[in-house]
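Numbering (my numbering), first residue to last: 7 to 327.
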Amino acid sequence: MKAAIRKVYGPPTAIRIEELEKPVPEDDQLLIKVHATTVNRTDCANLTAKPFIMRFVLGFFKPRKAILGTDFSGTVEAVGKSIHSFAIRDRVFGFTDLGLESQAEYLVITPKGNVLRIPDKCDFKQAAASMEGAHYAYSFIHKVSMKSGQNVLINGATGAIGSALLQFSKQFDVRITATCNTRNCNLVKSLGADKVIDYSKEDFTKDTEKYDFVFDAVGKSTFGKCKPILKEKGVYISSELGPYSQNLLLALITPLGSKRKVIFPVPFSIKKTLPYIKDLLEKELFQPVIDHEYSLEEIAKAYEYAMTGEKTGNVIITITD
Ligand SMILES: NC(=O)c1ccc[n+]([C@@H]2O[C@H](COP(=O)([O-])OP(=O)(O)OC[C@H]3O[C@@H](n4cnc5c(N)ncnc54)[C@H](OP(=O)(O)O)[C@@H]3O)[C@@H](O)[C@H]2O)c1
């Protein structure tokens, strides 16, 4: 089978497409024929081992897993003897942030809540695009209790996390202000934003409205800058640690006495997020945003593009039609 591999941490030029043995499933594993996968920001961190802390989980001197990829959609091609919950030809999707070796024609996986059947209405590309960003978006909204009528601002509502977060927030009947670049204003309105701030023209932290929640889905701002637009008891959540890695410390100290607090969105288990995502897809309440599509042979280009920080939603790798 063809697979995208790298033997050392490095830039997209470290990636090679190689012909490898097709994996053989153990008794507790499924063999999946991969139809689509994404190149997401977690993949970029796994490729480069940046931030450095990634080396403690991926392998200190070199990556333990040579094949890249964290998410997939595909069909079950073989079922291990001890598995009774899946059958051959089932359409399935899944995600694991530390890597599933899914940027390949086949993968094997032990299903432990990290694989579910794809809803009938969803195609393989939509299924793959519903994984990584949506998984992290779930961790934003389930760290707070949003109530109908509250005011929410999402900075970077066009990224993989932001575009899912916007649609998930909409389920709570809140009023949503979203920031994006000029070219994406219509997109964020179509996803449910009530008000749009074009970040290339206006600084959202100077807005005259006050918010119950500021979700910085691209980590481009700080709690300090957002404080003036937060209501008393307002909450700031960012997808990044902040320019001085201050968000973890702020998450510990602001609940102790500050009127406005920071929460760090430590991700929930995929076992929790995947059924939520599947349910919204089934109810057609979540439509993942798809940007460029590439073939497996073009995957280094897909990484280069994702690493610009300018993709809109998700970048798809189509492996089998
Ligand atoms: N905490 C975690 O566990 C975790 C996991 C994964 C990712 N992350 C981090 O979370 C962040 C978002 O990830 P993602 O995959 O959603 O990102 P992404 O898809 O790469 O985000 C790209 C989007 O960011 C928007 N953007 C760029 N600069 C902006 C600015 N100054 N203001 C507002 N929007 C801006 C762009 O919008 P326009 O096209 O409109 O310019 C683009 O659509 C990344 O920094 C990533 O490293 C954290």
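By construction, the Cβ of each residue, glycine as well, lies at the ideal position given by its N, Cα and C atoms.
Note that the structure is predicted; figures quoted are calculated from it, not measured.
Residue i in three-state terms, based on DSSP
i, result
"residue 217", "strand"
"residue 89", "coil"
"residue 227", "coil"
"residue 206", "coil"
"residue 324", "strand"
"residue 10", "strand"
"residue 73", "strand"
"residue 201", "strand"
"residue 94", "coil"
"residue 23", "strand"
"residue 55", "coil"
"residue 33", "coil"
"residue 62", "helix"
"residue 18", "helix"
"residue 212", "helix"
"residue 195", "helix"
"residue 28", "coil"
"residue 307", "helix"
Expected contact under 8 Å - CB spacing of residue i and residue j to nearest Å
i, j, result
"residue 198", "residue 165", "At roughly 16 Å, the Cβ-Cβ gap does not stay under 8 Å, so residue 198 and residue 165 are not in contact."
"residue 72", "residue 82", "Not really, about 24 Å apart at Cβ, beyond 8 Å."
"residue 160", "residue 175", "7 Å"
"residue 126", "residue 89", "About 22 Å; that fails the 8 Å criterion."
"residue 203", "residue 185", "5 Å"
"residue 80", "residue 98", "6 Å"
"residue 10", "residue 110", "7 Å"
"residue 225", "residue 246", "3 Å"
Strand pairing of residue i, partner residues [DSSP]
i, result
"residue 78", "100"
"residue 314", "None, per the DSSP bridge assignment."
"residue 39", "81 and 112"
"residue 222", "161 and 244"
"residue 300", "323"
"residue 44", "322"
"residue 236", "217"
Cβ-heavy atom distance, residue i to ligand 2, below 8 Å
i, result
"residue 322", "As for ligand 2, it is missing from this structure, which binds only ligand 1."
Residue-chain proximity (residue i, chain D), Cβ-Cβ < 9 Å
i, result
"residue 134", "Of the chains in the structure shown, none is chain D; there is only one protein chain."
Point to revise | Ordered list of beta strand (DSSP E) runs contained in the segment 99 to 134, each at least 3 residues | key: 112 to 115 and 121 to 123
Review point. Which parts of the segment 238 to 294 are runs of the beta strand (DSSP E), unbroken and 3 residues or longer, counting only runs that do not cross its ends?
Key: The segment 238 to 294 contains these whole beta strand (DSSP E) runs: 267 to 269.
Point to revise | In chain order, each beta strand (DSSP E) run of at least 3 residues that lies wholly inside the segment 132 to 190 | key: Within the segment 132 to 190, the beta strand (DSSP E) runs of at least 3 residues that lie entirely inside it are, in chain order, 157 to 161 and 181 to 186.
**Study point:** the segment 256 to 274 contacting the segment 299 to 306, beta-carbon criterion three pairs below 8 Å
**Key:** no
Point to revise | Any 3 or more C-beta pairs closer than 8 Å across the segment 258 to 267 and the segment 101 to 109 | key: no
**Study point:** the segment 150 to 157 contacting the segment 166 to 181, beta-carbon criterion three pairs below 8 Å
**Key:** yes
Practice item. Flag this pair as touching only if the segment 282 to 290 and the segment 246 to 256 have three or more C-beta atom pairs under 8 Å; answer yes or no. Key: no
Point to revise | At least 3 beta-carbon pairs within less than 8 Å: the segment 307 to 322 vs the segment 23 to 30 | key: Verdict: no, contact absent.
Exercise for review: Specify whether the segment 31 to 40 and the segment 310 to 320 touch according to this definition: at least 3 beta carbon pairs, one from each stretch, less than 8 Å apart.
Suggested key: no
Point to revise | Touching by the beta-carbon criterion (3+ pairs, under 8 Å), the segment 215 to 223 and the segment 239 to 246 | key: yes
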